[in-house]
Each structure stands twice: as structure tokens, then as C-alpha cells.
Amino acid sequence: MSLKMSRRGFVKATAAATASTLLLGSQAATAFADDAAEGAKATSSDDVKIIPSACRQCYGRCALFGHVKDGRLTKIEGNPDLFSEGTLCGRAFAIPQELYNPLRVRYPQKRVGEKGSGQWKRITWEEAYQEAADRYTEIGEKYGWHTIAHQYGTGRDMLQFQAINKLWLELGSTATFGVGNLCWVGSYFTSQRLYGDETQYTGWDGNNTDCILIWCRQERSRGYYDWLTVKRAQERGAKVICVDPRYTCTASKADLWLPIRPGSDMALVLAFINEIIHSDKCANDFARFCTNAPFFIDEEGTGYQLRESMIKEGGNEELYPAWDEAHDQLIFWSGDWQNKQGVGGPKAFQWLDAEGNIVADAKPALSGSREINGKTYRTSWDILVEHVTPWTIERAAEFCELPEDKIREAIQTYIDASPHACFCRGQKVEFSINTSGISQAFTIMMALAGNFDSKGGQNIGREPATGYDSFMFDVVPNKEGRMGKRRMETAKNIKKLSVCQNTGYQQILVADDATGELRETTQNSGGQVIYGQQGGFGAATTKAMAKGDPFQIHGYWQQTSEPILSIEGGHEIIEGFKNLDFFVNVDIYMTPSGELADIILPAAHPNEVDRVEWAHSGHGYPTSHTYLIRQPFHEPLGECKDDMDICFEFAKYMDVDMYWKDKYEFFDYMVKGPETLPPQLSCANFEEFRERISVTGVEMATVKQAPKYETGFMRKTSDFRPGFNTMYRGNKMGSVYRFPGTKTPDGKVIPAHPQSDNGKMEMWSEDLLLYGNGPLPLYIEPPITPLARPDLLEDFPYTLITGGRSHAFFHTEYRNSPWMREVHMFPTVDINPATAAEHGIAQDDWVWIETYVDKIRQRANLTEAIKPGMIHVEHDWWFPEREATDDLHGAIDSNCNVLFENNGPYDPAVGTDNYGGLCKIYKAEEGAPKNICMTEEDLKIFLPMSAGAIASDDQADGVRQVTVKGGAK
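As C-alpha cells, this is what we get:
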């Protein structure tokens with residue numbers, strides 16, 4: 002494949018090596034320089050290609066150049082002319098260490114020993130594909146295709162994600178461990194159903210804002226350029242508010258830091274909403290004309306939004322009653338934009354009177370009860386106001402353990418800056434059983450403050466420069482009628498084929514609105530469909546594999562994922578993997594779960610493949626509107642293949658119609674864009690795009706001088722009418738487990754649910770009611786806290802939090818990078834010096850962190866950045882220097898997710914479990930875990946292999962294990 006250079010021509014060598022030294026330490030930089038020099042000695046050519054590409058070591062996708070000499074990457078440098086402004090972190094500079102790492106799988110492997118024995122032999126791709134096809138077909142025909150689970154890792158390569166999902170949905174797979182339900186999907190799922198897109202991570206306008214509210218997000222953990230935006234905003238006079246239990250880098254630079262009690266976020270958000278609603282800055286007109294706030298609610302009957310069909314025999318279910326203040330009459334909003342009920346066409350998305358005439362100057366009342374046919378109905382606005390009013394600053398201070406004056410200052414700063422205040426959040430807020438509820442609350446907060454599609458506020462609809470998004474990979478063939486028969490039959494029967502069917506009902510602690518007292522209540526815990534996935538989340542799939550509940554999983558395909566480390570209940574996941582009849586793992590390296598597979602397929606590194614990079618998560622303009630090239634620095638090593646190519650190739654063995662001939666056909670479609678796309682944003686094909694390197698689109702709210710919900714651009718995939726994209730609501734993309742006819746624990750029968758695809762943003766959410774959350778955001782106390790479990794405090798007195806990001810790693814990745822491990826050698830627990838002193842713990846002591854479930858070992862970091870009485874442990878730790886037979890490469894010793902049960906409760910919409918709790922901590926007299934790297938010298942086992950060493954290692958007997966066995970004393 003031809004690798005073309007940027008049209009800017011040859012780029013002069015920059016100070017990347019110097020930057021590396023500053024970031025990573027002189028010894029690490031020298032170690033790599035020596036290795037590169039050794040490789041250079043064997044070459045006679047002075048030709049160096051400089052190839053523009055992108056980094057995929059995290060979500061940042063920073064633009065960079067790779068220097069390639071004689072087919073080998075020798076240096077990385079940032080591209081100063083694109084959105085990342087030339088900035089790179091250590092993970093990018095470490096890309097060569099990944100490409101040539103001694104632990105890379107470069108050829109297909111078949112296990113020849115017991116699971117976990119580390120015994121493998123090389124096979125051909127044809128042998129691997131054929132055996133996989135035969136075994137999966139045998140399982141599918143014998144037990145049902147729903148008994149084959151599939152799994153994908155972090156979705157930062159969204160096209161790869163789409164290919165994996167489409168392949169296995171077409172085959173009838175229903176179960177997955179998920180990944181997004183741990184981060185981002187709670188926001189995405191909820192936002193889609195409230196108004197049609199996501200804006201809590203992506204879309205904040207830091208370039209024009211007067212205030213940035215950063216909630217549990219470490220701004221420098223994925224893309225330094227985001228912090229440059231924050232810094233410039235502060236220099237202009239914008240205020241930065243940081244909400245985070247820990248004193249992070251973001252907190253240290255913020256104008257105001259709120260060290261919130263872990264898990265109490267909802268109390269603070271409800272206080273924000275309460276203060277906004279009762280302020281003169283509340284966006285009442287937005288609520289009145291753009292949301293369902295004026296709609297009446299059938300509180301005593303169905304519990305749904307009132308329809309004409311509920312109050313009039315033969316009435317229309319697409320008509321939503323409200324009261325018209327302008328004419329003192331009952332009016333009806335027509336949601337019949339598809340004209341299925343006879344009130345569409347020019348009447349769609351209009352207010353109509355009782356005779357069906359358009360009332361152009363209607364003024365729907367936000368507040369007030371009305372009696373209709375002998376029953377009294379309230380507006381959803383009145384119900385919302387009643388719900389949030391008791392959530393005062395004083396109550397929030399009590400729940401969140403924060404000073405009242407600090408909360409008041411933060412809220413007033415946000416209100417004063419609105420509608421030019423923006424909000425961005427981190428993933429830690431997602432790690433809760435109330436992730437969809439908190440996402441709903443954040444959405445209401447932003448909307449009522451007037452920050453939806455405002456300059457300096459939130460860009461509420463993602464606008465890829467092509468006009469298309471990655472989900473078109475699956476949407477286009479479905480629109481063409483090319484969804485497979487098995488997939489359609491599976492979707493129709495999902496209730497009995499989903500691993501979620503026995504999740505049932507769960508007990509939770511909810512704060513009473515009136516009193517604030519916690520009371521136990523029963524909540525529906527549902528199954529769900531995310532990204533077209535037909536049900537399943539970590540705990541449910543684990544129980545199906547390990548316990549056969551609700552049915553036994555027999556087959557499993559895993560790609561770019563490591564659930565033993567990333568999902569709660571690692572021991573049970575290992576048990577489940579050992580139960581499998583057949584397991585294929587696709588990965589770059591040998592991993593803990595890979596050691597339990599039957600076949601390993603070697604994946605290419607992200608910088609060995611072609612890709613169109615879309616903005617995905619966490620960024621504002623211009624990043625959120627830019628797509629750029631990620632092209633290979635060289636061909637994949639050995640016989641490694643692109644993950645997308647693997648899906649396309651295996652699809653042929655399984656007779657699956659992927660619709661697209663190959664990835665390039667899809668790339669061509671995406672970069673060309675729709676006919677409405679401005680010519681300057683369109684590329685004739687992917688090869689033209691390769692020449693352009695990147696394309697940055699425009700913000701339609703700026704171009705049109707009006708919010709997208711007023712100009713039709715929120716509904717660009719349907720009819721371009723003003724309003725919101727509400728096609729995702731109801732059962733179209735969701736397996737709602739409160740099906741009509743289902744009985745709740747109190748004996749109530751769930752009534753039929755009309756689709757609420759009405760173009761209005763829903764603050765009072767009918768969908769979330771159906772999923773079990775309730776129509777409005779509730780304060781739910783996490784299940785293992787001092788308030789929820791005072792019975793545990795005597796033995797486990799400390800609040801335990803997990804998952805804070807390290808810039809050296811990305812979840813489970815890069816533990817085999819010598820540079821990254823030198824920067825961050827050990828799994829680290831943060832503990833306040835006062836707490837440490839109580840237990841005789843000194844800096845760098847190895848300690849045990851123990852919950853009522855299990856215990857792990859990490860190294861102590863004494864810091865004032867965390868409150869006394871609180872403990873923070875790092876997530877996703879394993880030790881690739883340990884052998885497969887040594888606890889699956891040390892997958893358990895320091896893995897924080899084994900500290901928690903996977904028995905629920907779960908978020909009822911997306912299945913997120915609890916990732917925090919109560920613990921005790923004490924010194925580990927035995928010191929560090931055995932057989933791990935302890936010194937810089939030990940890390941040399943991970944140094945890149947030379948070209949000659951790679952060529953001579955055919956991996957006939959598996960991947961050579963590098964080890965420091967016995968090195969940790």
C-alpha cells in the first residue's frame with residue numbers, strides 16, 4: 002500500500018526526543034534512542050518517510066507524524082497545524098514500543114495445553130477461521146445462536162466497533178460484557194432518549210465560554226489540547242469550577258473546587274436545577290416551546306404523558322394535551338410527523354385546537370392543573386418543580402459533605418455565566434447504579450440554564466464534518482432491507498433470548514423528596530439495547546457463563562477487550578471462561594483472558610492500519626467537528642490483520658452479509674457525505690482524503706445564527722423540521738423490560754405504551770419511566786456507603802473509590818511499555834497521611850486494601866489530595882511480566898474490580914454496577930507481589946525487538962514470555 006506524505010512536504014525533525022526526555026526521564030529516552038540506533042546500524046538507506054497520522058492510545062486522537070526509516074518507525078512528533086496543536090503525551094511517544102514489543106502476537110495461535118497453561122502453537126489464518134466457523138456453527142445449531150456471546154473493548158475506534166457488532170448481531174448473538182455501560186453510554190443512552198444526541202462529554206464550547214463546570218474529569222488525562230482550551234478561557238476571565246472528591250490537576254487549576262462525597266452527585270445536581278428554576282435566568286421560553294414541560298401527565302392512570310386517546314373515545318395517540326394561556330383553551334401538540342395518525346403534514350409539530358385547526362400563536366402553560374372529564378391533570382413542569390424544590394443548597398451540603406457557601410458560589414457562578422456556561426463530565430460519574438438518572442439531571446441542568454446550542458455553552462448535536470457518523474455502517478444496510486433473517490428473529494424474541502431476562506427487580510435506597518430521608522424501595526432492573534446490542538451487560542453475561550443463569554453461554558468471541566480486569570467479579574469471569582466450549586480472542590498481545598481462549602487471532606496495531614478518525618468523546622470545537630486520517634506507518638508485523646478486515650473475512654466463513662464490500666467502500670461512502678454536504682467538506686473517496694489529511698466542518702448554530710433545534714439540524718436524519726431528534730424513544734432501539742402486560746411487584750399491569758416520537762425534548766421522561774428509573778432523576782444512595790451500610794463500618798471504616806485516570810495508561814493497556822511503566826511502575830493507592838499514620842503506613846509501603854468481598858495489594862502514595870477517611874485505588878492493573886500460570890499474568894493481585902460484588906443493584910437502563918464501597922487498609926508485611934518488575938533494569942525485558950529479532954521469531958510455539966520471575970523480593 003502506498004503511504005503518501007502530507008502536501009506540506011517534508012517536515013523538519015523537531016524536538017520530539019527532547020520532549021520525550023522531559024516527559025519520561027532521560028534514562029527512558031536514552032534507552033529507546035539506543036534501541037533505534039541499533040536498528041539503524043543494519044540499514045544502508047538514509048531515506049526517512051514522514052507520514053501524517055493520528056494517535057489512538059486514548060480518546061484524544063491527537064494528530065501526529067511518524068518518522069519511518071527502512072520500514073521501521075523511529076520517531077513520533079506532534080502535528081502543530083491541527084486541533085491538538087502539536088501536543089502529545091508519553092503514550093504517543095511510546096507507540097514504537099508497542100509496535101515492536103516482545104509480547105506482541107504476530108501469528109494466529111491455537112492452545113495446545115490446559116486453559117491458562119500458556120501453551121500454544123502457530124496455525125494458519127485459514128485453519129483458525131475454519132475451526133472457528135465449524136465450532137460456532139455447531140454451538141449455534143445445537144444450543145441456539147444466542148448462546149454465543151461477543152465482546153468489544155473501548156469504543157475509541159468506532160468503525161472497528163461497528164464491524165464487530167454488526168458481524169455478531171447478524172449471527173444472532175445477544176450477550177456482551179459491554180464496555181460503554183461503564184463509561185459514556187449512560188450519558189449517550191439517556192441524552193438520545195431525551196433529545197436525540199449527546200453533549201455531556203462532547204460539545205462544550207470552551208473557546209467562547211464565561212464558565213466551565215468540570216465534573217469528575219481529569220482534563221489532562223486524554224489530550225493535552227483540552228487543557229489549553231481551559232487555560233485560554235481562564236486567561237480571558239472565564240471561571241472554572243471543578244467537582245471531584247480528589248484534588249486533581251484540574252482541581253488545582255480551578256477557581257473553585259468542590260470535594261464532593263463520592264456517590265452523592267445527584268444531590269448537588271438537583272440543587273443546581275432547583276436554583277436555576279427559581280432564578281430569573283431560567284430558560285422558561287425554551288421549556289415552554291421546546292420541551293414537554295407543558296404536557297399533562299396521567300399520574301393516576303397509565304403514568305405516561307397524556308394523549309387525546311386517553312381522554313376521548315377514538316382519540317389520537319399522537320396528540321398531547323396542554324392548556325393554551327393565550328386563548329384559554331385545551332390545545333394538542335401533534336407529534337405525527339410521519340402522518341401515521343392523520344394529523345401530520347402541515348399539522349405535524351404544531352399546536353392544534355380541539356377541532357384540529359393550527360393555533361399559530363398558542364402559548365402553552367407551563368404551570369397549572371386542569372380538570373378534564375372529571376380527572377385532574379398536572380403539567381410535567383409542575384411535577385418537576387415540585388420534585389426539585391426540596392433539594393436546597395442546605396440539603397445538598399448535608400448529602401455531599403460540602404460547605405454551603407461553596408455550593409452557593411458554584412451555582413451562582415454557573416447561573417451568572419449562562420447562557421455562556423459550558424459543562425463537561427468525566428467517566429467516574431458513570432460508575433454508579435444511577436448513571437442514566439444522573440445523565441438526565443445534567444441534561445435538565447444545562448437546558449434550563451439556557452446553555453443548549455448557545456455560544457460558550459453546549460453544542461448539543463454532534464456534527465461530523467462529513468455529515469455522517471460511524472453508526473451509518475449498520476444503518477445504511479438496514480435501511481436497504483439488508484438486515485439478516487436470524488438477526489430480525491432474535492430481535493423479535495429478545496425477551497426470552499437476552500441474558501438480562503432474570504435481572505428482575507432490585508432493592509435500592511431512594512431519598513424522599515419531602516424529607517430527604519433514605520427509604521428502601523423496589524426498582525425494576527431491566528435489559529437494554531445499546532448501539533443495537535440486543536441485551537446484556539457485565540454482570541448478566543458473567544452469570545450466564547459461570548452459572549447458566551438464565552441460560553448457559555457456550556461460545557464467545559472477544560476483540561480488543563479484557564473483562565477479567567475491567568468488569569466487576571473477575572474470579573467469576575475466569576470461572577465462566579473456563580466453562581466455555583469455544584473461545585476466540587482477537588488482540589495485539591497475550592492477555593489474561595486470552596490465555597483462556599482456544600484460538601488467538603493477531604490484531605494489527607492502530608498505527609498499522611488505515612482509518613477515518615471521527616471525534617468521539619470529550620472535546621469541543623474544532624476537535625468535535627474534525628475528522629482526520631490515521632494511516633499506517635508500515636504494514637502489520639508478521640501476519641497481523643486489521644480488526645475490521647478480520648470481521649469482513651470471518652463474515653464470509655459464516656455467510657454473513659456485511660453489506661459493504663470492505664472497509665474502503667465504507668470509508669469512501671463516509672468521506673463523500675450526503676448530497677447536502679458543502680463541496681469543501683466532501684472528498685471524492687478515501688484516497689483523496691488521504692491527501693487532505695483532515696477536514697474540519699462548521700458549527701451550524703453559528704452559521705445559521707440560531708440553535709439547531711430551531712433550524713431543523715437536530716432532525717437532519719429525518720425531516721429537517723424544527724425540534725429534536727426523538728426517533729430513538731420507545732421500543733425502536735430498546736428492549737424495554739417493563740413490557741405492556743408485565744406485572745410489577747405491587748400487582749400493577751404495565752399499560753400499552755404509545756411511541757413518544759414527538760420532536761420535543763423530554764425533561765419528564767417516559768422512556769426512563771419504562772426502563773425503571775422513573776420519569777425524573779432520583780437521588781439514589783450507592784449500595785455500599787456509610788449511609789447505606791452502617792453495619793460494615795466497624796470492620797471497613799473507609800470510603801473506597803476507584804478508577805482515577807493515570808496518564809501513563811489507558812485502562813488495561815501499556816503495562817508492557819517500558820517508558821510508561823517507568824513513569825508509573827506500580828499500582829498505587831492514594832491515602833491521606835493522617836489515615837496512613839493510624840495504620841503505620843509509610844510512603845511506598847505495599848498495603849492490603851480489603852472489602853467484605855476480597856482484598857488486593859497496591860503501593861501506598863501518601864497525599865493530601867484525598868480526604869482522611871477516603872481511599873482511592875487504581876483500576877485495571879495486571880503484570881504482563883508474570884507468566885500465564887502465575888495467576889494469569891497477575892490478573893487478580895492488584896485488580897480493584899475483584900473488591901466488588903456483581904449481584905447488583907444495577908442501573909436499570911444500561912446495567913452499570915457499583916464500583917465503590919467501604920474498605921480497610923493495612924500494611925502488607927510480605928511486601929510486593931512476586932515476579933513483578935521492581936526497577937528500571939527489570940523493565941528492559943519490554944524493550945522493542947530489533948527488526949532482525951522479529952524476523953527470526955516465527956512464534957511456532959507461541960509468544961515468547963518475557964519474565965523477571967523471582968525478581969520481586
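Sequential numbering from 2 applies to the sequence shown in the working numbering.
All C-beta atoms, glycine included, are put in the ideal place defined by N, C-alpha and C.
Residue burial classification, residue i (beta-carbon count within 10 angstroms, cutoff 16)
i, result
"Ile359", "exposed"
"Arg308", "buried"
"Gln131", "exposed"
"Met762", "buried"
"Thr516", "exposed"
"Ser253", "exposed"
"Glu128", "exposed"
"Lys341", "exposed"
"Glu700", "buried"
"Gly549", "exposed"
Pairwise C-alpha distance: residue j and residue i
i, j, result
"Ile951", "Tyr225", "34 Å"
"Gly457", "Gln962", "52 Å"
"Val186", "Asp362", "39 Å"
"Asp658", "Met484", "8 Å"
"Gln161", "Cys641", "15 Å"
"Tyr469", "Glu609", "25 Å"
"Pro465", "Glu688", "19 Å"
"Ala598", "Met591", "10 Å"
"Phe797", "Lys924", "15 Å"
"Gln28", "Glu938", "Low confidence applies here, because Gln28 scores a pLDDT of 31, under 50, leaving its location unreliable; read the following figure in that light. When rounded, the distance between both Cα atoms is 11 Å."
"Gly870", "Tyr799", "5 Å"
"Glu481", "Tyr665", "19 Å"
"Tyr670", "Leu629", "15 Å"
"Pro755", "Glu318", "7 Å"
"Thr125", "Gln98", "26 Å"
"Thr138", "Ile942", "41 Å"
"Thr864", "Glu927", "23 Å"
"Gly304", "Gly713", "30 Å"
"Ser471", "Pro607", "17 Å"
"Gln58", "Ile96", "8 Å"
Test item: CB-CB of residue i and residue j under 8 Å
i, j, result
"Phe397", "Ala268", "Per the sequence shown, the amino acid found at residue 397 is Ala instead of Phe. Yes, the pair counts as a contact, with Cβ atoms nearer than the cut-off."
"Ala442", "Leu271", "yes"
"His147", "Thr491", "yes"
"Ser895", "Arg858", "yes"
"Lys416", "Ser594", "Correcting the residue identity first, residue 416 is Ile in this sequence and not Lys. It is not a contact, given that the beta carbons lie outside the stated cut-off."
"Trp382", "Ala327", "no"
"Thr230", "Gln459", "no"
"Asn759", "Gly197", "no"
"Gly91", "Ala809", "yes"
"Met104", "Pro881", "Reading the sequence as shown, one finds Leu at residue 104 and not Met. It is a contact, given that the beta carbons lie within the stated cut-off."
"Leu771", "Cys920", "no"
"Trp334", "Tyr321", "yes"
"Lys364", "Asp325", "yes"
Close-in-space but distant-in-sequence residues of the same chain around residue i (CB under 7 Å, 5 per side omitted)
i, result
"Lys167", "Phe474, Asp475 and Met659"
"Gly971", "No statement about residue 971 is possible, as the shown extent of the chain runs from 2 to 970 and does not include it."
"His840", "Ile922, Tyr923 and Lys924"
Residues near residue i by beta carbon distance below 6 Å, same chain, minus five either side
i, result
"Gln559", "Gln152 and Asn586"
"Leu678", "Gly468"
"Asn209", "Lys456 and Gly457"
"Pro828", "Gln859, Glu875, Trp878 and Ser895"
"Arg262", "Cys401 and Glu402"
Cβ-heavy atom distance, residue i to the ligand NAD, below 7 Å
i, result
"Arg716", "No copy of the ligand NAD occurs in the structure displayed, which carries no ligand at all."
Sequence-distant residues of the same chain with beta carbon closer than 8 Å to residue i, five excluded per side
i, result
"Cys291", "Tyr710, Gly724, Phe725, Lys761 and Met762"
Length-filtered (4 minimum) alpha helix (DSSP H) runs lying within the segment 365-403: Entirely contained in the segment 365-403, the alpha helix (DSSP H) runs reaching 4 residues are, in chain order, 381-389 and 394-401.
Starting from the N-terminal side, write out each stretch of the alpha helix (DSSP H) that is 4 residues or longer and does not extend beyond the segment 289-320. Correct list: 309-312.
Which residue spans inside the segment 529-578 form an unbroken alpha helix (DSSP H) run of at least 4? Taking only runs of at least 4 residues, the alpha helix (DSSP H) segments lying wholly in the segment 529-578 are 539-548 and 564-567.
Length at least 3, wholly inside the segment 77-114: the beta strand (DSSP E) runs in chain order: Segments of the beta strand (DSSP E) lying fully in the segment 77-114: 110-112.
Taking only runs of the alpha helix (DSSP H) that begin and end inside the segment 410-454, which ones reach a length of at least 4 residues, in chain order? With a minimum length of 4 residues, the continuous alpha helix (DSSP H) runs that stay inside the segment 410-454 are 436-449.
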